[in-house]
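Scroll down for the structure; my scribbles are underneath it.
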Amino acid sequence: MIRSLCLVLLLANLGAVDAATIVNHILSRTHISLDGKWNYIVDPYDSGYYDYRSQPYDAVPQPTGGYFQDRRNVPATDLVEYNFDRSATLVVPRDWNSQDSRLFYYEGAVWYRRLFDYSAAPHTRVFLHFSAANYQADVYLNGEKLGRHTGGFTPFDFEVTGKLKEHENSLVVRVDNRRIAEGVPTLNTDWWNYGGLTREVCLVVVPETFVADAVVQLDRKNPAQIRGTVQLAGPQLQQPVTVTVPELRLSATVTADAAGRAEFSLPVDSALQRWSPEHPRTYEVVVSCPTDRLAERIGFRTIEVRGDNILLNGQSVFLRGVCLHEENPVRGGRAYSPEDARQLLGWAKELNCNFVRLAHYPHNEYMARLADEMGLLLWEEIPVYWTIHWNDPSTLANALQQLEELVTRDRNRASVIVWSVANETPVSAERTAFLRRLVERARELDGTRLVSAAMEVHKDPADGNTRIVEDPFGAFTDLLSFNEYVGWYDGNIDRIGKVEWRLKYDKPVVITEFGADALQGLHGPETARFTEEYQAALYRETIGMLRKLPHFRGTTPWILCDFRSPKRNLPQVQDGWNRKGLVGENGIKKSAFFVLKGFYDEMAGATKP
Ligand code: GCB
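Here's what the structure looks like:
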């Protein structure tokens with residue numbers, strides 16, 4: 000579905016994105032794929048972007064150079080020092096690091112170029128859609144700059160109606176993955192900074208007036224009705240809009256207002272089967288108007304917090320979770336495909352999870368769609384990670400933009416129950432104000448889900464065994480969710496049994512990380528770091544401790560699979576990998592996998608630990 004123009008103008012006002020309109024839910028639309036082999040030029044000195052006085056070539060009306068021009072068949076008399084036609088190719092979608100060994104550690108600019116034909120159909124509009132590009136993308140079509148997008152994990156697009164030729168359109172994208180201090184994330188993270196066109200690129204063709212967005216949910220306050228909004232875009236806005244759920248014989252027709260917006264509600268009765276991990280039932284929902292039709296499968300459920308309980312469809316649920324990075328450890332590189340999603344979520348299912356934390360940034364759209372189908376609840380997050388620039392308005396604007404792009408993409412997914420706005424951020428008034436703005440925005444965009452963040456634990460200076468969670472930001476979240484590393488960064492395993500917890504808030508407690516590094520196949524005594532035995536013992540002890548923790552309602556241990564991190568340099572053990580996975584880089588499960596599975600098998604029958 001394609002988002003409304005007004006939202007885009009709002010984004011433009013934030014100064015974070017130039018995109019003309021956002022195409023969303025492309026998987027439910029007919030689209031023309033531009034995936035496959037793209038020619039590429041590695042440009043570490045930005046020679047294709049700046050002239051020798053460091054002025055961008057694309058900033059003046061008569062550019063004198065720049066790779067975006069894609070000069071081809073150049074006469075021998077002309078001086079042109081690049082040639083896409085003679086350059087090698089990279090596959091899109093995929094990160095560049097795992098396709099060309101010279102690019103393994105590369106952080107900088109790479110120019111991508113794709114040629115394609117297009118036959119325009121009358122009375123249609125065309126959007127060029129990117130499912131993600133890390134981190135900044137400058138996009139040019141036939142020598143014209145379409146715009147720039149900042150943020151590595153969310154979709155964006157540009158309207159290209161009237162700009163396409165029948166033959167050999169030249170699409171050039173400069174992708175720059177340099178880490179920047181004021182970015183989201185900032186310079187320092189514990190994951191690999193994969194660069195490139197990491198997700199699909201396509202053309203989406205829609206009618207002149209089209210369904211730009213449709214939000215369809217079970218009403219949180221009154222679950223006897225499905226409620227939603229439809230947004231039309233185009234010249235004929237005041238049209239009738241019909242929403243139907245054919246399997247339930249539900250239908251409502253409303254007329255969109257002058258701004259193209261329509262609100263609807265559908266009464267539901269006992270025939271509606273609620274979506275849940277045990278019964279992941281979805282229904283086809285069709286949104287149509289005289290000029291357009293859109294259909295997608297949507298599940299209906301409620302999620303809320305009452306006291307220290309998390310209620311799914313009004314029933315208490317214990318979250319048997321695990322964290323995931325968007326990485327395929329066995330093949331190497333960013334996960335990007337439905338098959339990758341199936342492998343990762345399949346392991347989570349084997350653990351007997353009903354919940355997955357997609358850390359630390361928005362994962363590809365297949366994850367949430369497959370989670371809907373497989374019956375996994377999701378925690379989705381934006382990369383407000385560690386110590387970003389809390390006082391920089393452009394950092395906040397960028398974080399808000401990434402949040403909007405994520406929420407707008409996934410708010411019809413029944414699997415998603417939590418929007419997380421941050422991970423392990425240091426307490427300060429500026430930080431709390433920044434995060435509160437994100438919470439407010441998440442609630443404005445979607446009033447039906449929980450909002451939280453992974454917070455930190457502090458030590459009681461007066462008592463070496465007491466750990467405190469008192470972050471003032473906890474007053475604004477629905478869950479008391481925090482990461483703890485007692486037994487790994489905080490003492491040895493023997494400390495775990497001695498720890499006393501002081502939690503400031505009476506909210507459902509979800510431990511969003513605990514864990515220990517272990518090299519798959521490295522064995523030794525339980526006291527020896529990096530052995531499978533140490534990791535398994537830490538899991539056993541931690542589970543014992545958590546069972547006694549007041550308000551304990553779920554956990555997502557760190558992490559399902561080993562993942563690459565340039566911070567992890569211990570030879571013969573880490574070699575550039577964070578080894579806290581329950582599954583090794585070879586796809587083999589470590590002992591701790593089975594310890595956690597044992598706990599989850601037991602919890603699957605219970606609602607309280
Ligand atoms: C954390 C971070 C996570 C790291 C993990 C670790 O607290 O949230 O991103 O990878 O610890 O392994 O240290």
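Counting along the sequence shown from 1, when you hit position 600 you're at 599 in numbering that gives the first Met the number 0, and nothing is skipped either side.
All residues carry an ideal CB built from backbone N, CA and C; glycine is no exception.
For clarity, every value in this text was computed on a predicted model and none was experimentally measured.
Alpha carbon of residue i to alpha carbon of residue j, nearest angstrom
{"i": "A132", "j": "T197", "result": "6 Å"}
{"i": "I179", "j": "C352", "result": "36 Å"}
{"i": "V215", "j": "E246", "result": "16 Å"}
{"i": "N72", "j": "N82", "result": "9 Å"}
{"i": "L293", "j": "H359", "result": "31 Å"}
{"i": "V229", "j": "N397", "result": "26 Å"}
{"i": "A474", "j": "Y117", "result": "53 Å"}
{"i": "T241", "j": "L437", "result": "33 Å"}
{"i": "W378", "j": "N308", "result": "17 Å"}
{"i": "L163", "j": "D34", "result": "18 Å"}
{"i": "G446", "j": "I542", "result": "33 Å"}
{"i": "D156", "j": "Q235", "result": "22 Å"}
{"i": "R466", "j": "D489", "result": "10 Å"}
{"i": "H30", "j": "P279", "result": "27 Å"}
{"i": "R494", "j": "G486", "result": "6 Å"}
{"i": "G345", "j": "T63", "result": "53 Å"}
{"i": "V468", "j": "Y111", "result": "47 Å"}
{"i": "L202", "j": "S130", "result": "11 Å"}
{"i": "N390", "j": "V594", "result": "43 Å"}
{"i": "T53", "j": "A87", "result": "Note on identity: in this sequence residue 53 is Ser, with Thr being the wrong assignment. Near 27 Å, if we compare the C-alpha coordinates of A87 and S53."}
{"i": "T20", "j": "F598", "result": "Interpretation of T20 is limited by its pLDDT of 45, a score under 50 that renders its predicted location unreliable; no figure is taken from the coordinates."}
{"i": "P565", "j": "Y193", "result": "11 Å"}
Helix, strand or coil at residue i according to DSSP, with G and I counted as helix
{"i": "A132", "result": "coil"}
{"i": "W110", "result": "strand"}
{"i": "I542", "result": "helix"}
{"i": "G298", "result": "coil"}
{"i": "G259", "result": "coil"}
{"i": "T390", "result": "This sequence places Asn at residue 390; Thr is not what is there. Correct three-state label for N390: coil."}
{"i": "T29", "result": "coil"}
{"i": "R124", "result": "strand"}
{"i": "W346", "result": "helix"}
{"i": "K589", "result": "coil"}
{"i": "I21", "result": "Note that I21 has pLDDT 49, beneath the 50 cutoff, so the model's placement of it is unreliable and the number below is only indicative. Of the three classes helix, strand and coil, the one that applies to I21 here is coil, per DSSP."}
{"i": "G610", "result": "Outside the displayed span of the chain (0 to 608) sits residue 610, for which this structure offers no information."}
{"i": "A270", "result": "coil"}
{"i": "L247", "result": "helix"}
{"i": "T160", "result": "coil"}
{"i": "S169", "result": "strand"}
{"i": "D409", "result": "helix"}
{"i": "R219", "result": "coil"}
{"i": "L569", "result": "coil"}
{"i": "A58", "result": "helix"}
Neighbourhood of residue i by C-beta, 6 Å cutoff - its chain only, sequence neighbours within 5 removed
{"i": "C5", "result": "For C5, the pLDDT reaches just 32, beneath the cut-off of 50, and the residue's location in the model is therefore unreliable, leaving the point undetermined."}
{"i": "L518", "result": "F529, V572, R578"}
{"i": "P239", "result": "T252, T254"}
{"i": "I558", "result": "C322, K579, G580"}
{"i": "S590", "result": "E531, A535"}
Anticipated Cβ contact below 8 Å, residue i with residue j, distance rounded
{"i": "E423", "j": "N482", "result": "6 Å"}
{"i": "L449", "j": "V304", "result": "6 Å"}
{"i": "N168", "j": "L140", "result": "7 Å"}
{"i": "E325", "j": "R333", "result": "6 Å"}
Residue i CB to nearest heavy atom of ligand 3 below 7 Å
{"i": "K164", "result": "For the structure depicted, ligand 3 is absent and the ligand set comprises only ligand 1."}
Contacts around residue i, its chain only, beta-carbon distance under 8 Å, and the 5 residues preceding and following it disregarded
{"i": "P206", "result": "H122, T123, R124, G233, T290, D291"}
{"i": "D84", "result": "N38, R71"}
{"i": "Y561", "result": "It should be pointed out that residue 561 corresponds to Asp in this sequence rather than to Tyr. Excluding residues within five positions, the ones whose Cβ falls inside 8 Å are P328, Q519, W576, N577, R578, K579, G580, V582, G583, E584."}
{"i": "L434", "result": "V383, V420, A421, T424, A452, F472, F475"}
{"i": "K497", "result": "N464"}
{"i": "H550", "result": "D307, L479, L502, D505, K506, P507, V508"}
{"i": "D77", "result": "R70"}
Bounding residues of the beta strand (DSSP E) (the contiguous stretch that carries residue i)
{"i": "G146", "result": "143-149"}
{"i": "I416", "result": "415-422"}
{"i": "I40", "result": "35-42"}
{"i": "E380", "result": "376-380"}
{"i": "L318", "result": "318-323"}
{"i": "W500", "result": "499-502"}
Own chain partners of residue i with C-beta closer than 7 Å, once the 5 adjacent residues on each side are dropped
{"i": "T394", "result": "E181, V183, I387, H388"}
{"i": "R273", "result": "F299, R300, N312"}
{"i": "L217", "result": "I225, F299, R300, T301"}
{"i": "D57", "result": "G65, F67, K144"}
Where the alpha helix (DSSP H) through residue i begins and ends
{"i": "F433", "result": "428-444"}
{"i": "L652", "result": "The chain is shown only over 0 to 608; residue 652 falls outside these bounds and no answer can be derived."}
{"i": "V493", "result": "A small fix is needed here, since residue 493 is Asp in this sequence, not Val. Unbroken alpha helix (DSSP H) run through D493: 492-495."}
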